[in-house]
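What follows is a short report on a single structure.
Protein chains: 2
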Amino acid sequence: MSEFDLIRRLQELICVEPGAGVAGCVVGIGDDGAVLDLPEGQSLVVCTDTLVEGVHFPDTALPGSTGHKSLAVNLSDLAAMGARPAWFFMALTLPKQDAVWLDAFAAGMADLAATARVMLSGGDVTSGPLSITITALGLIERGRALVRSGAAPGDLVVVSGRPGSAAHALEQLRRSETPADEDLSALEYPVPRLALGRSLRGLASACIDISDGLAADLGHILELSGVGAAIDLRRLPCPDSLAAFSGKDRWPLQLAGGDDYELCFTLPPRMEPELKELARSGVAELTVIGEITRDNGLLFETGDGKTYQPKRPGYRHFDESGGGMQ
Amino acid sequence: MSEFDLIRRLQELICVEPGAGVAGCVVGIGDDGAVLDLPEGQSLVVCTDTLVEGVHFPDTALPGSTGHKSLAVNLSDLAAMGARPAWFFMALTLPKQDAVWLDAFAAGMADLAATARVMLSGGDVTSGPLSITITALGLIERGRALVRSGAAPGDLVVVSGRPGSAAHALEQLRRSETPADEDLSALEYPVPRLALGRSLRGLASACIDISDGLAADLGHILELSGVGAAIDLRRLPCPDSLAAFSGKDRWPLQLAGGDDYELCFTLPPRMEPELKELARSGVAELTVIGEITRDNGLLFETGDGKTYQPKRPGYRHFDESGGGMQ
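Here you go:
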């Protein structure tokens with residue numbers, strides 16, 4: 147299969163039109179560049195993330211999971227901005243041409259692209275060590291993007307889902323144990339919180355996805371907002387598989403594990419009724435885990451007047467897998 | 147240096163504001179995504195290209211050249227669309243943290259970014275085998291993008307510059323010979339034809355950059371326009387270093403060599419006065435090398451009633467370094 151056939155194949159396999167109200171991809175795959183018309187009054191939101199084999203996923207990873215996840219991590223960033231996905235561009239570097247691998251990879255990506263209504267609009271295929279870089283483009287009404295810098299003292303700190311699943315699955319796989327289905331799914335097929343992100347427009351004062359771990363990512367909000375936070379670890383929701391663990395055994399996974407594509411956000415306490423309403427809507431499990439403080443620093447309280455200090459530094463933690471400029 | 151410091155360093159080193167009339171980067175590096183406001187009436191043009199060490203550049207390449215070229219190949223695609231560069235996103239995969247390499251890489255990129263008035267607005271830094279993926283965003287007035295599909299029988303075929311320099315330099319380096327400065331510069335510091343691309347709006351009926359070689363890329367125009375072309379090889383302008391070569395020695399480099407970031411475009415014959423005016427303006431050396439034909443196929447005439455057939459197939463050629471979806 148030539149590189150050109152390979153591109154055509156990807157184009158066929160990942161054939162999704164963007165959702166209603168997203169204006170046209172005037173020129174798509176097959177020219178020097180894609181030409182996109184944005185609807186009036188909308189801002190463009192752009193995120194880019196790379197997955198490298200051996201760094202972000204093992205060489206034993208299912209190709210469908212790799213396809214899903216390389217798109218999911220980017221859509222998760224769009225979710226954290228409150229944006230609606232519209233288009234994406236993929237730079238795929240492949241060590242060899244393997245039609246079976248490619249079809250499964252594309253199928254995993256296509257399923258998520260269809261659910262999220264995001265259209266593959268261009269990219270590049272090249273030979274080299276396996277890696278996937280996706281740049282995802284989303285839209286948001288001007289002035290309504292959820293940023294990291296808006297948290298204020300007194301704001302509630304909320305997390306979606308139950309952090310720790312993906313890190314637990316990864317740890318178990320490393321020990322050749324069998325993870326719970328729920329944990330394995332969180333690791334291999336993370337679901338970006340797009341509907342939640344959209345619902346947080348006008349509600350959240352700051353928002354981030356916790357792909358680098360709750361401690362590190364909440365730390366980004368604190369740093370950019372010039373505030374601190376007190377988190378009550380007793381309130382931190384826990385995946386079923388970790389329910390029997392002691393705090394000291396599960397907190398490292400839950401706070402510093404990373405690879406959870408949940409959202410952490412803050413909102414003024416007067417918005418609590420709207421938050422409860424949102425939780426009741428079933429868009430996601432939402433838990434208030436603490437409060438923004440005037441003092442700098444991130445405090446994890448264990449409830450007996452003591453605090454827990456993650457071994458790996460909290461909001462100054464940047465692990466070996468790299469860090470995003472966004 | 148942590149990955150975070152590395153990002154900050156890149157941000158400092160490649161600090162360019164986009165040109166006048168390009169509206170704001172409302173949220174830049176440091177959030178989940180960049181938020182960009184487009185001026186009214188403009189379409190977005192998006193191009194993405196990857197450079198992998200050992201495939202697109204040797205491990206002996208100067209880091210400044212790698213930085214320059216990874217941005218240049220993307221800006222060349224914007225040029226071929228007639229777009230004005232505005233922002234770019236970089237996914238940088240590095241095998242190790244090497245501040246000296248990074249500074250030189252960033253300096254090469256920053257010089258070109260400053261000339262082109264294009265702003266680094268986000269990205270990702272990760273560890274792994276050295277590769278650089280850039281997604282460049284440009285702007286063009288709605289409906290004015292230069293596409294590949296508009297060539298019509300009778301149109302003139304024009305090429306900018308003198309194709310063959312980069313391929314000649316590459317061949318000489320492989321033979322441990324010393325290329326001419328002009329050729330080496332074309333290979334290591336290609337200059338995207340941005341001003342020319344802008345000038346071709348409303349003039350060219352089709353346009354492409356000839357990064358995969360003149361034969362292959364002109365072939366794309368022909369395929370997408372449903373036409374053929376007759377090229378007079380006696381008119382093909384020749385780099386000084388190839389002037390003493392016989393046709394059969396230089397045509398392979400000039401037609402199939404690739405890595406030339408010149409533009410090939412077509413325009414109706416009635417536009418010839420505008421073309422001459424443009425050539426006189428000095429924006430680029432412009433040469434009419436042939437004509438679009440009704441019959442399919444790409445004919446290279448050598449002037450004695452004979453034709454030349456490139457050994458490597460013309461417009462079906464996709465070399466090992468991969469092919470763009472655009």
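First to last, the sequence lines map onto chains D and V.
First residue of the first sequence: 147, per this note's numbering; consecutive thereafter.
First residue of the second sequence: 147, per this note's numbering; consecutive thereafter.
Backbone N, C-alpha and C fix where the C-beta goes; we use that ideal spot for every residue, glycine too.
Below-8 Å beta-carbon distance, residue i vs any chain D residue
i	result
V/S277	yes
V/V173	yes
V/D301	no
V/K452	no
V/G179	yes
V/G176	yes
V/S351	no
V/R426	no
V/A291	yes
V/D223	yes
V/S99	Outside the displayed range of chain V (147 to 472) lies residue 99 of chain V, so it cannot be described from this structure.
V/L319	no
V/V198	yes
V/L370	yes
is_contact[residue i, chain V] using C-beta, thresh 8 Å
i	result
D/C193	yes
D/F235	yes
D/M265	no
D/V201	yes
D/D183	yes
D/G269	yes
D/M227	yes
D/S273	yes
D/L354	Residue identity differs from the one stated: residue 354 of chain D is Ile in this sequence, not Leu. Judged by the 8 Å Cβ criterion, D/I354 is in contact with chain V.
D/G213	no
D/R288	yes
D/V304	no
D/R230	no
D/R294	yes
D/T412	no
C-beta contact flag for residue i and residue j at 8 Å
i	j	result
V/V162	V/A259	yes
V/A256	V/I160	yes
D/A237	D/G343	no
D/V373	D/A291	no
D/S216	D/I280	yes
V/A352	V/D329	no
V/L221	V/L283	no
D/T448	D/G365	no
D/D183	D/V198	no
V/T412	D/T239	no
D/A361	D/P456	yes
V/R339	V/I286	no
V/L401	V/G359	yes
V/A309	V/D244	Looking at the sequence provided, one finds Pro at residue 309 of chain V rather than Ala. No, the Cβ-Cβ distance between V/P309 and V/D244 is not below 8 Å.
D/V181	D/A232	no
V/L349	V/M417	yes
D/L370	D/R294	yes
V/E317	V/L399	yes
V/A376	V/L445	yes
D/V246	D/L152	no
Under the three-state DSSP convention, the category residue i falls into
i	result
D/S351	coil
D/Q189	Position check: residue 189 of chain D holds Ser in this sequence, whereas Gln was assumed. Strand at D/S189.
V/E369	helix
V/V201	coil
D/I377	strand
D/E163	coil
D/T206	coil
D/D177	strand
V/A225	helix
V/L382	coil
V/L184	coil
D/D441	coil
D/T212	helix
V/D249	helix
V/D195	strand
Complete runs of the alpha helix (DSSP H) confined to the stretch 261 to 349 of chain D [at least 4 residues]: 311 to 320, 327 to 334 and 340 to 345
Three-pair Cβ contact test at 8 Å for the stretch 207 to 221 of chain V versus the stretch 330 to 341 of chain V: yes
Those runs of the beta strand (DSSP E) which lie wholly inside the stretch 385 to 437 of chain V and span at least 3 residues: 409 to 413
Stretch-stretch touch, CB-based, cutoff 8 Å, three pairs: the stretch 300 to 308 of chain D with the stretch 179 to 195 of chain D: no
Inter-stretch contact (C-beta, 8 Å, three-pair minimum) for the stretch 369 to 384 of chain D and the stretch 423 to 443 of chain D: yes
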